[in-house]
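Residue numbers for the sequence shown follow the working numbering, beginning at 144 and rising by one.
By construction, the Cβ of each residue, glycine as well, lies at the ideal position given by its N, Cα and C atoms.
Quick caveat: nothing in here was measured; it's all calculated off a predicted structure.
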Amino acid sequence: MPPSCRGSINKEGLQPVALFTKKHKELVVAGEDWMTDTSTSCIIVGALIVIITFAAAFTVPGENNQETGFSISTNKKLFKVFIMSDVMSLFLSTTSVLVFSGIFTSRYAEEDFLKSMPKKMVIGLSTLFFSIATAMIAFCVSVPLILPEKWIAPLVGLLARMLTPGYMVNAYKVKNIFMYSSYFAL
144 MPPSCRGSIN
154 KEGLQPVALF
164 TKKHKELVVA
174 GEDWMTDTST
184 SCIIVGALIV
194 IITFAAAFTV
204 PGENNQETGF
214 SISTNKKLFK
224 VFIMSDVMSL
234 FLSTTSVLVF
244 SGIFTSRYAE
254 EDFLKSMPKK
264 MVIGLSTLFF
274 SIATAMIAFC
284 VSVPLILPEK
294 WIAPLVGLLA
304 RMLTPGYMVN
314 AYKVKNIFMY
324 SSYFAL
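1) May I ask you to report which of helix, strand or coil DSSP gives ARG304?
2) Does the stretch 230-241 touch the stretch 185-192, meaning 3 or more C-beta pairs lie closer than 8 Å?
3) Which ranges does the alpha helix (DSSP H) cover as unbroken runs of at least 4 residues, wholly within the stretch 231-295, from first to last along the chain?
4) Under a Cβ-count criterion, where at least 16 other Cβ atoms within 10 Å of its own Cβ denotes burial, should ASP176 be classed as buried or exposed?
5) Answer yes or no: do ILE275 and PRO287 have a C-beta to C-beta separation smaller than 8 Å?
6) Between which residues of its own chain and ASP229 is the CB-CB distance below 7 Å, once the five residues before and five after are set aside?
7) Between SER182 and PHE243, which are expected to be in contact by the criterion C-beta below 8 Å, what is the C-beta distance as a whole number of angstroms?
8) In this structure, does DSSP put THR202 in helix, strand or coil?
9) Leaving aside the five residues before and after ILE152 along the sequence, list all residues of the same chain whose C-beta is less than 8 Å from its C-beta, in chain order.
10) So PHE272 packs on ALA314, CB below 8 Å; how close in whole Å?
11) Does DSSP classify GLU175 as helix, strand or coil?
12) Could you give the distance in angstroms between the alpha-carbon of VAL265 and the alpha-carbon of ASN319?
13) Roughly how many angstroms separate the alpha carbons of THR270 and VAL160, rounded to a whole number?
14) When DSSP labels each residue in this structure, what does LYS318 get in the three-state scheme?
15) Can you tell me the Cβ-Cβ gap for VAL224 and VAL299, rounded? I've got them flagged as a contact below 8 Å.
16) Please name the residue, chosen from ILE226, ALA252, MET279, that lies closest to GLU169 on a Cα-to-Cα basis.
17) Would you mind giving the Cβ-Cβ distance between MET311 and MET178, rounded to the nearest angstrom? I have them listed as a contact below 8 Å.
18) Tell me whether the beta-carbon of LYS220 lies closer than 8 Å to the beta-carbon of GLY245.
19) Hey, would you say MET231 sits closer than 8 Å to THR277, going by beta carbons?
20) Less than 8 Å between the CB atoms is what I'm expecting for CYS185 and GLY309, so what's the real figure, rounded?
Structure follows, in structure tokens:
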């Protein structure tokens with residue numbers, strides 16, 4: 144709507160914003176239901192990733208030194224990549240759970256659907272997607288640390304290269320839909 148028409152009044156004495164609110168009350172209810180359902184699903188996924196990555200941080204892959212109790216692999220580059228990606232996944236998934244919890248505590252007012260809710264959803268989905276990606280990296284890196292066979296690492300790498308692009312395309316489609324509809328649509 145052109146800015147010059149925003150203050151105009153129709154025959155019923157309503158401004159455009161008030162008329163839209165009156166005619167689309169069910170849209171707010173449907174939006175609230177959709178946000179709640181989506182947030183619930185994403186919280187479950189995020190919580191599962193938190194549990195898995197937390198456990199993986201304390202169940203270090205590879206053999207342990209019998210004298211010190213620490214992993215023999217700690218000096219390997221793969222081990223460092225595993226720890227960094229596992230920690231990143233843990234923090235990103237925790238952030239996504241907190242953001243989606245914030246959606247539950249929202250008051251679901253009409254103006255919240257313009258900026259606040261889409262912003263929370265974009266942040267929550269982005270952190271969730273990146274936590275899944277970093278968890279996949281941690282898994283792929285841990286396989287060669289655990290299994291000494293040389294042929295397994297390339298096989299896992301090949302499978303990851305085949306699955307990851309499809310996952311990333313779908314993840315970015317969802318995120319871009321939110322970004323476009325929230326910040327670039329007229």
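So, to answer that:
1) helix
2) yes
3) 259-289
4) exposed
5) no
6) THR196, ALA199, ALA200, ALA281
7) 4 Å
8) coil
9) GLN158
10) 4 Å
11) helix
12) 9 Å
13) 33 Å
14) helix
15) The Cβ separation is near 14 Å, so there is no contact.
16) ALA252
17) Wrong, their Cβ atoms sit about 24 Å apart, outside the cutoff.
18) no
19) yes
20) About 19 Å separates the two Cβ atoms, so there is no contact after all.
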